[in-house]
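Numbering of the sequence shown is given in UniProt numbering, commencing with residue 1 and proceeding in unit increments. Note that CB positions come from ideal geometry on N, CA and C, so glycine has one too.
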Amino acid sequence: MTARRSGRRTAASVGRKRTVARQVGRRQSGKTDALSAAERLRLIRLVTCGGIFVLLVAAKLLLPGRMAGVSQKLSEAMTRSVDVQAVFSAVGGLFTKDGTPAEAADEVYRAVFHPEGAETRQTAARTADGAALTELRNWRDAEPLNTIPPAGEDPAPEELETMDLVLYSDEDLPENVSMRQAILGFDHETPVKGVLSSNFGYRDHPLEGTERFHYGVDLAADTGTAIACFADGTVTAVGESSSYGKYCTVTHANGCATLYAHCGRISVSSGAAVKKGEKLGEVGETGMATGPHLHFELQKDGVYLNPIYYVETA
Numbered sequence: 001m002t003a004r005r006s007g008r009r010t011a012a013s014v015g016r017k018r019t020v021a022r023q024v025g026r027r028q029s030g031k032t033d034a035l036s037a038a039e040r041l042r043l044i045r046l047v048t049c050g051g052i053f054v055l056l057v058a059a060k061l062l063l064p065g066r067m068a069g070v071s072q073k074l075s076e077a078m079t080r081s082v083d084v085q086a087v088f089s090a091v092g093g094l095f096t097k098d099g100t101p102a103e104a105a106d107e108v109y110r111a112v113f114h115p116e117g118a119e120t121r122q123t124a125a126r127t128a129d130g131a132a133l134t135e136l137r138n139w140r141d142a143e144p145l146n147t148i149p150p151a152g153e154d155p156a157p158e159e160l161e162t163m164d165l166v167l168y169s170d171e172d173l174p175e176n177v178s179m180r181q182a183i184l185g186f187d188h189e190t191p192v193k194g195v196l197s198s199n200f201g202y203r204d205h206p207l208e209g210t211e212r213f214h215y216g217v218d219l220a221a222d223t224g225t226a227i228a229c230f231a232d233g234t235v236t237a238v239g240e241s242s243s244y245g246k247y248c249t250v251t252h253a254n255g256c257a258t259l260y261a262h263c264g265r266i267s268v269s270s271g272a273a274v275k276k277g278e279k280l281g282e283v284g285e286t287g288m289a290t291g292p293h294l295h296f297e298l299q300k301d302g303v304y305l306n307p308i309y310y311v312e313t314a
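Shown next, in the form of structure tokens:
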């Protein structure tokens, strides 16, 4: 009798030990599965980061110039939503679609920084020499505008006076812009004595509807009107771009430089020495312009100055 009871207690004890062992085994198996899932997640992240790193290195080697511009737009890109599917679709094009790696990388760039498909980069075509595009990158994009008021709608004198009274503080201005009248230190001449159709400073962008800074003045004149050189100097670039149209740039004494855009024709070539008043070209409406005018910009030591101080208007 005592032996049977002892046998039952021993069997029960063994059963409990087996149950506990099975439960411990299940917990250990669950932990192993959890760790395995975490390891898989870390592996996926590692592979993804590695792929992005390789892509960036490849882009850096293939497109060093374009990658330099990426850093300038990174901060504003972080503040707007990005179509991730479009980005990775473009990345896949680096390896699967026809065309050069540069073309596919350009699609990646547009998918990240310009998801709406709007073209905001300055493009140059049919430049007279290789230096024209490099020189043009030193100047801001010109903006299109209505250059000649409709017939019978001349601006009222009060409106023009108000435009001249706009005041800016240094904090309001973009970098490399000054509203102060600097001493140039040489004789100069008005390139075109036309109607001032757009002043230097902030204005509503005619296409985007947002406020942007206009880095020059626009002088409306008839098509074919001669454009005179602002001062003695050397032509540094002659070319044509999607926004400026036909343009040329000239360097002058004391660190000054001028830009003439939307020309109908250019009469000089890059590297030519020019005199004050010499004809550079003719007024036109090439590029992003809705009427014939000259877009004129002035820099001194890399700082944009208000050209209105140095020109006469009709």
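On the three-state DSSP scale, how would you describe Ile308?
-> helix
Specify, as a first and last residue, the run of the beta strand (DSSP E) that Lys246 falls within.
-> 245-251
Spell out the partners DSSP gives Leu219 in its beta bridges.
-> Leu196, Leu294
Can you tell which of Thr249, Val303, Val268 has the C-alpha that lies nearest to the C-alpha of His295?
-> Thr249
Check whether the stretch 275-293 touches the stretch 182-192, taking contact to mean three or more Cβ pairs, one atom from each stretch, closer than 8 Å.
-> yes
Take Ala142 and list the residues in its own chain whose beta-carbon comes closer than 6 Å to its own, dropping the five residues that flank it on each side.
-> Any reading at Ala142 is ruled out, since the residue's pLDDT is 44, under 50, leaving its predicted position unreliable.
Could you tell me if Thr236 is buried or exposed, where buried requires 16 or more neighbouring beta carbons within 10 angstroms of its beta carbon?
-> buried
Selection from Leu41, Gly284, Thr313, Ala257 that minimises the alpha carbon distance to Gly233 = Ala257
Have a look at Lys300, Leu219, Lys279 and flag the residue whose alpha-carbon is nearest the alpha-carbon of Ile183.
-> Lys300
Use the C-beta contact count for Asn254: other C-beta atoms within 10 angstroms, 16 or more gives buried, fewer gives exposed.
-> exposed
Roughly how many angstroms separate the alpha carbons of Ser241 and Tyr247, rounded to a whole number?
-> 8 Å
Between which two residues does the beta strand (DSSP E) containing Glu211 stretch?
-> 211-214
Apply the 10 Å Cβ neighbour rule to Asp222 and answer buried if 16 or more other Cβ atoms are within range, or exposed otherwise.
-> exposed
Could you tell me the boundaries of the beta strand (DSSP E) in which Cys256 lies?
-> 256-266
Beta-bridge pairing of Gln299 - partner residues as DSSP gives them = Ala257, Tyr304
Chain-order list of residues whose beta-carbon lies under 7 Å from that of Leu41 (same chain, five-residue window excluded) | none
Residue 346 versus Tyr309: straight-line alpha-carbon distance, rounded = The structure shown has nothing for residue 346, since the chain only spans 1 to 314.
Kindly indicate which residue of Phe200, Leu46, Leu196, Ile44 has the alpha-carbon position closest to the one of Val177.
-> Phe200
How about Ile266 and Gly281: do their beta carbons lie closer than 9 Å?
-> yes
Candidates Ala273, Arg45, Gly239, Ser198: closest to His252 by CA position = Ala273
Contact check, Val303 vs Thr225, beta carbons under 9 Å = no
Could you say which of Leu298, Gly239, Arg203, Ala37 lies nearest to residue 335 if we only look at CA atoms?
-> Since the first residue of the chain shown is 1 and the last is 314, residue 335 is not available in this structure.
Pull up the distance between the alpha-carbon of Lys275 and that of Gly185, whole angstroms please.
-> 16 Å
DSSP three-state assignment for Ala38, whether helix, strand or coil = helix
Work out the CA separation of Leu298 and Gln181 for me, nearest whole Å.
-> 12 Å
From Gly216, Thr286, Thr313, Glu285, pick the residue whose C-alpha is nearest to that of Leu259; which is it?
-> Gly216
Answer yes or no: do His214 and Tyr202 have a C-beta to C-beta separation smaller than 9 Å?
-> yes
Residues near Glu39 by beta carbon distance below 7 Å, same chain, minus five either side = none
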